[in-house]
Amino acid sequence: MAKAAKLLVALVLGADALRKHRGKADVNTTSMRPVLLPGQIEVKRPAFLMLDGEKNRVVVSQFGFSTKPDTFNPIRLPAQSSVTGLSLKTLSDQVAARRLSGGLRSSDQIVNTNQALRWPNKLDRAPYGDFIVVPDGFLVPGKRSGEVFLARPDGSVFPITETAPSIFYHEVEWIDFDGDGLLDILTARCKLSGLFKISFEGEMVWLKNPGLDKMDKQVWQETSITKGPDVIFKSSPYKGGYAIFCTEFFNMAGPRLTVHFTNSAGVLQSTRVIDDTLGKPFAVHLEDVDGDGTKELLVTNHQGPDDEILPAVFAYEVDWNNLESGAYPRHTLTYGPSENKVTNTGVGAPGFARTFYPRTGMTGPKWIYAAGDGAFDVWILKPTGRRFEYETTLIDINGTTGEILAHDFDGDGIMDLLIPDNDYWKLHVITFE
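Rendered as structure tokens:
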């Protein structure tokens with residue numbers, strides 16, 4: 553019966569119309585809409601979120617300023633940083649009740665403010681031992697000299713990188729570069745130089761795993777791969793080595809999206825500039841945006857209030873058989889849907905973007921969420937049914953939105969988005985109905 557119905561549609565509408573019909577049916581946009589749940593969970597300065605399935609919790613990196621923006625304080629100083637855990641059971645119960653409340657306590661801290669963390673960024677769970685990896689540091693004065701730390705179960709931290717002034721890290725990946733059977737760390741970092749005129753230099757390096765019994769007891773041996781990458785990157789196996797897609801946000805020669813090719817030992821073979829016209833590239837992920845089984849590059853820029861190029865989300869098609877010389881057609885998924893709400897130095901929009909389906913069982917082109925960051929909102933991109941075409945809905949958060957975590961917290965088959973408000977110290981949830 554199903555085959556007969558499809559054949560009838562094809563005969564009436566034609567093959568091209570059938571393709572459009574299928575796309576719209578797969579997307580199933582009939583009534584799904586984002587809804588911001590009432591209430592909030594109070595958390596000081598939440599920024600990056602990590603789902604820790606091993607311990608049934610969400611891990612929150614916390615950094616920022618000592619007071620909220622509406623608090624009278626002539627000089628807002630950076631606060632001490634920490635890492636805290638939030639129980640999945642708490643989130644499940646509150647999302648199921650469709651109202652958030654309460655807050656986290658000092659006893660919920662995984663790494664407290666007495667430790668060496670300055671500005672903890674994208675967190676990761678190590679594949680060995682009970683460690684959380686904490687790439688640390690940022691531009692803020694007093695917070696620039698970061699490390700890559702391993703956070704132990706007792707809350708102490710150990711730096712696995714050499715201490716160096718004015719270097720900060722954003723994220724890590726795990727790859728066995730030396731073939732010893734142990735996963736090593738791939739990371740990118742940025743170094744600041746100068747007093748009155750600051751310059752930036754990015755560098756991608758890999759850190760050799762010293763052995764399971766030494767991971768948190770000695771600095772890991774460092775090997776430089778290339779200059780340039782400085783913030784976010786994503787790797788993919790390619791022709792016996794790796795293709796590493798990077799945003800070079802701080803590049804002094806001009807911000808750009810690049811791909812660096814290494815052999816299996818992490819030795820650079822070649823580099824290609826994919827795009828240097830999208831503004832200041834910030835986030836890059838490998839995502840099957842259109843749901844056809846092939847991954848694209850999902851990329852955001854990070855534009856300030858005075859930048860000529862507006863805040864945007866892009867998708868780049870990828871010829872996975874020929875990354876060195878194949879085309880990377882760019883599609884603008886949303887452009888300038890929202891603007892920065894303040895003009896403070898360093899403010900920008902958007903932050904990270906990821907794909908998702910709002911309901912279990914959906915197929916076809918994926919929805920996209922993006923953190924508005926300095927736009928103080930969340931962008932929900934809903935597919936129209938035509939390839940790489942979206943309608944954008946804005947959900948106001950009223951503060952700087954950090955990294956969003958997508959997870960079905962209450963198990964009802966509907967995706968939930970956990971939103972950190974870094975300015976006003978809250979966690980919000982967007983769900984769909």
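With our numbering, letter number 327 in the sequence shown gets 879, and the count goes up by one each step, no holes.
We put the CB at the ideal spot given by N, CA and C, even for glycine.
Three or more pairs of CB atoms, one per stretch, sit closer than 8 Å, so the stretch 917-925 contacts the stretch 939-953. Between L744 and S718, the C-beta spacing is below 8 Å. From the listed residues D828, L885, M914 and E891, the smallest Cα separation to A905 is found for L885.
N625 and Y976 have their C-alpha atoms some 15 Å from each other. When C-alpha distances from L875 are compared across Q821, L970 and V930, the shortest belongs to Q821. Closest option to T915, judged by alpha-carbon separation, among P586, S788 and D844: D844. Three or more beta-carbon pairs separated by less than 8 Å link the stretch 797-811 to the stretch 829-841, which places the two stretches in contact. Taken through DSSP and simplified to helix, strand or coil, G926 comes out as helix. Restricted to the stretch 869-915, the beta strand (DSSP E) segments that are unbroken, complete and at least 3 residues in length are 882-887 and 905-908, listed in chain order. Around the C-beta of R597, 16 or more other C-beta atoms lie within 10 Å, and the residue is accordingly described as buried. With a 10 Å radius around the Cβ and a threshold of 16 neighbouring Cβ atoms, R741 comes out buried.
Within the model, the alpha-carbon separation for R677 versus S634 is close to 16 Å. Taking a contact as a CB-CB distance under 8 Å, the pair I966 and H980 does not count as one, their CB atoms being some 16 Å apart.
When beta bridges are read from the DSSP output, M602 appears opposite V611.
Of the residues assessed, V819 falls on the exposed side of the cut-off, its CB having fewer than 16 other CB atoms within 10 angstroms. The C-alpha of T778 lies about 42 Å from the C-alpha of R657. Here A927 is buried: its Cβ has 16 or more other Cβ atoms, across all protein chains shown, within 10 Å. In the DSSP assignment, no residue is bridged to L830. In the DSSP assignment, D645 falls within the unbroken alpha helix (DSSP H) covering L640 to A649. In this structure, the alpha-carbon of A716 lies about 36 Å from that of T907.
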